[in-house]
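Asker:
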Amino acid sequence: MPLRIPASSKMQGQPLSFQGGVALPLRVRPLMEFFAYMAPTGFPKKVFFQFAHLLPVPLTAIRRNTGISLLDDLDRRGLIIHSKEDIHLFGPTLAAVRQSVATARAHRIIQEGGRFLLATLPNHGKPTVEPHELNRLSWHSRVLADHALRIGNKEIATKLMHWLDCAGRKLIGPWPDRAINCHQSALNLSQRILGFNHHLTIVRLNNLGETWRRIKETTQAEYCLLGALLLLTDHLGQFSHLEANILGNLGLLRNDQRQWNEAREAFNQAWSMAKESRGLNDPLIFLCVNNLARIMGIQNDFRGAAQFLEQALEYHYRGNHPPAHPNVAMILNNLGLVQKKMGHTDEARTTLTKALTMAEKCLPPGHTLLTQLKEGSQRP
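Be aware that the sequence shown starts at 5, since it is given in our numbering, and climbs by one per residue.
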């Protein structure tokens with residue numbers, strides 16, 4: 005579980021100590037040192053303000069003329085402060101500690117700063133920062149983890165590596181270009197902490213390859229995915245689940261490159277490795293089956309596509325998998341469309357009706373997929 009910053013109410017009554025006449029709880033000081041340490045790189049303003057509830061009253065009640073003079077001082081020190089509100093809130097602390105962050109206190113700065121970063125991305129619930137801030141925080145997380153490794157604090161470095169994994173997953177769907185730094189940094193840390201051949205390092209290499217593919221950087225994606233497959237050969241088939249996932253991503257890459265035969269081979273390999281243990285409710289199996297059938301259709305192999313979809317459904321029903329699932333409904337729908345193209349009208353109508361009935365069982369009314377299936381079943 006992420007370590008959380010204690011609420012300000014828990015700090016009431018603690019002794020205050022700080023230089024330059026500004027009082028701070030002892031617990032707050034290392035965090036403020038961390039902010040001062042990271043501020044020149046553009047630490048997000050919102051993260052500063054989220055921390056404001058921890059600050060004692062004297063810091064938020066700085067006189068206006070004092071704040072203006074502090075602005076000049078902060079500019080000379082290279083600190084990035086965007087408004088007078090920032091100055092009133094953080095100016096005195098940042099100005100005081102920037103000049104006195106000693107190497108001897110690096111451990112505390114890293115410890116407290118790491119805890120703060122981890123708290124922005126809880127295991128359960130939404131991140132406490134916006135996606136663009138999450139992206140910027142990933143750079144700070146990498147820097148902080150590097151410092152942690154240098155002083156031998158592998159625990160914080162490992163937690164920040166997992167933080168980067170999680171941040172990358174949050175960003176890869178809507179903002180894959182912003183997920184690159186997260187996955188690249190997590191991979192670099194994993195190589196240093198766990199080693200190049202560790203299976204979790206290979207997982208991170210696969211994640212990076214998938215991210216490169218999503219932003220159309222095919223050369224980088226191919227390098228990562230083929231490299232991940234090569235590293236897996238040292239494990240002698242111990243991680244077939246992981247290998248199937250990498251092959252699925254490689255199939256998508258070949259698909260993007262319109263290399264149909266290579267894509268078909270990669271998807272077929274992934275499907276063959278995973279079909280016995282994973283059903284159509286599994287994202288990888290659904291991806292492989294859907295894309296294999298589509299490629300067969302592109303190559304005018306409709307009979308092969310129909311037989312393959314029937315085989316996939318047979319494997320799904322044979323295993324201990326959910327009988328009614330949106331993915332199963334989609335595969336049934338695709339089978340019906342293939343049957344229609346083959347001229348098997350009655351058979352296609354039965355299959356499409358079965359797909360729609362299943363979708364109605366497992367999806368709420370008005371769902372996008374339900375609408376698509378209804379429209380598809382009504383087409384001549």
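Heads up, the beta-carbon is just placed ideally off N, CA and C, and yes, glycines get one too.
Owing to the predicted nature of the structure, the values given are computational and were not obtained by experimental measurement.
1. With DSSP run on the structure shown, which of helix, strand or coil describes Thr-223?
2. Label Phe-53 either buried or exposed according to how many other C-beta atoms from any shown protein chain fall within 10 Å of its C-beta, with 16 as the threshold for buried.
3. Between the Cα of Gln-376 and the Cα atoms of Asn-338, Pro-178, Trp-143, His-348, which residue gives the shortest distance?
4. Just the Cα atoms here: how many angstroms apart are Leu-296 and Ile-219?
5. Taking all protein chains shown into account, do 16 or more other C-beta atoms lie within 10 angstroms of the C-beta of Leu-234, making it buried, or fewer, making it exposed?
6. Any contact of the region 239-246 with the region 202-214, i.e. 3+ C-beta pairs under 8 Å?
7. Kindly list the residues whose CB is nearer than 6 Å to the CB of Ala-232, restricted to its own chain and excluding five residues on each side of it in sequence; keep chain order.
8. Please go through the same chain and pick out, in chain order, the residues whose beta-carbon is closer than 8 Å to the beta-carbon of Leu-284, but skip the five residues on each side of it.
9. Could you give the uninterrupted runs of the beta strand (DSSP E) lying entirely in the region 241-281, keeping only those of 3 residues or more?
10. Which ranges does the alpha helix (DSSP H) cover as unbroken runs of at least 4 residues, wholly within the region 296-381, from first to last along the chain?
11. State the CB to CB distance for the pair Ala-270 and Gly-255, rounded to an integer number of angstroms; the pair is presumed to be in contact (CB under 8 Å).
12. So, is Thr-372 buried or exposed, given that buried needs 16 or more other C-beta atoms within 10 angstroms?
13. For the putative contact between Leu-175 and Arg-182, defined by C-beta atoms under 8 Å, what is the C-beta separation to the nearest angstrom?
14. What is the rounded straight-line gap between the Cα of Pro-327 and the Cα of Asn-259?
15. Consult DSSP for Gly-130 and reduce its assignment to one of helix, strand or coil.
16. Under 7 Å Cβ to Cβ from Glu-266, same chain only, skipping five residues before and after it: list those, please.
17. Quick check on this structure: which residue in Phe-200, Leu-288, Pro-135 has the alpha carbon closest to the alpha carbon of His-239?
18. Where Thr-349 and Leu-125 are concerned, what is the direct C-alpha to C-alpha distance, given to the nearest angstrom?
19. Can Trp-264 and Gln-303 be called in contact, C-beta distance under 8 Å?
20. Helix, strand or coil, according to DSSP, for Leu-286 in the structure here?
21. Kindly give me the distance between the Cβ atoms of Gly-340 and Leu-356, rounded to whole angstroms, as I take these residues to be in contact under 8 Å.
22. Of the choices Arg-196, Ala-310, Leu-148, whose alpha-carbon is the least far from that of Gly-347?
Answerer: According to the data block:
1. helix
2. Per-residue confidence for Phe-53 stands at a pLDDT of 49, beneath the threshold of 50, marking its modelled position as unreliable; the derived number appears in the next sentence. The residue is exposed, with fewer than 16 neighbouring Cβ atoms inside 10 Å.
3. Asn-338
4. 23 Å
5. exposed
6. yes
7. Ile-206, Leu-209, Asn-210, Ile-250
8. Phe-290, Val-293, Ala-316, Leu-317, His-320, His-325, His-329, Asn-331, Val-332, Ile-335
9. none
10. 306-322, 330-345, 349-366
11. 4 Å
12. exposed
13. 5 Å
14. 29 Å
15. For clarity, residue 130 is Lys in the given sequence; the question names Gly instead. Here Lys-130 carries a coil assignment [DSSP, helix/strand/coil].
16. Arg-258
17. Phe-200
18. 52 Å
19. yes
20. The amino acid at residue 286 is misidentified as Leu; the sequence shows Asp. Asp-286: coil per DSSP, three-state reduction.
21. 4 Å
22. Ala-310
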